[in-house]
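Below: one structure, written as structure tokens.
Below, the structure written as structure tokens:
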């Protein structure tokens, strides 16, 4: 099966477990959505690739427990599909988290589709334009006005 191929049960094949462990982080486009697949401390996670706050790629974000830290504004984003580890500090579910399934050494993702979350914005056309505009400002040395 080819990476990104969708099976009849709605799962997308994303690769063989051992290869994904070696890669540690992989960005895949599944059904038009950019998904970051992470292997960290023996666990796999799949989330939308762009931070819900300003659209920065999370691919190079640091890990802290079951959270990834946005490399641009240092927002801590839960890798759990429910809520942040410390609920009293949680801003609620902002980042789309996708379900992973392993079958005979192969990993599959089921894209989450329940309701709208803030990270959805950066998966659409307006979000793509906003990401490109922010990248242009960053490379030109202009100040970021999203804080």
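Residue numbers (full-length UniProt numbering): 1 to 147. Heads up, the beta-carbon is just placed ideally off N, CA and C, and yes, glycines get one too.
What does a CB cutoff of less than 6 angstroms around residue 51 pick up in its chain, not counting 5 residues either side in sequence? 58 and 70
Which of the three DSSP states is assigned to residue 96 in this structure? coil
Endpoints, alpha helix (DSSP H) assigned at residue 138: Here the alpha helix (DSSP H) through residue 138 covers 125-140.
Opposing strand residues paired with residue 6 [DSSP bridges]: 12
Indicate whether at least one CB of chain B lies closer than 9 angstroms to the CB of residue 54. Among the chains in the structure shown there is no chain B, since it carries only a single protein chain.
Under 6 angstroms Cβ to Cβ from residue 21, same chain only, skipping five residues before and after it: list those, please. So the qualifying residues of the chain are 39.
Looking at residue 5: is its Cβ nearer than 9 angstroms to the Cβ of residue 12? yes
Using only alpha-carbon positions, find the residue among 136, 135, 81 and 130 that is nearest to residue 117. 81
Report the residue from 122, 104, 96 and 61 whose alpha carbon sits nearest the alpha carbon of residue 110. 96
Measuring CB to CB, does residue 25 end up less than 9 angstroms from residue 123? no
Give the straight-line distance between the Cα atoms of residue 43 and residue 133, rounded to the nearest whole angstrom. 34 angstroms
Kindly give me the distance between the Cβ atoms of residue 35 and residue 98, rounded to whole angstroms, as I take these residues to be in contact under 8 angstroms. 6 angstroms
Could you check if residue 44 belongs to the surroundings of the ligand NAD, using beta carbon to heavy atom distance under 8 angstroms? With respect to the ligand NAD, the structure shown offers nothing to examine, as it has no ligands at all.
Please go through the same chain and pick out, in chain order, the residues whose beta-carbon is closer than 7 angstroms to the beta-carbon of residue 119, but skip the five residues on each side of it. 48, 50, 52, 94, 95 and 96
Classify residue 76 as helix, strand or coil using the three-state DSSP reduction. strand
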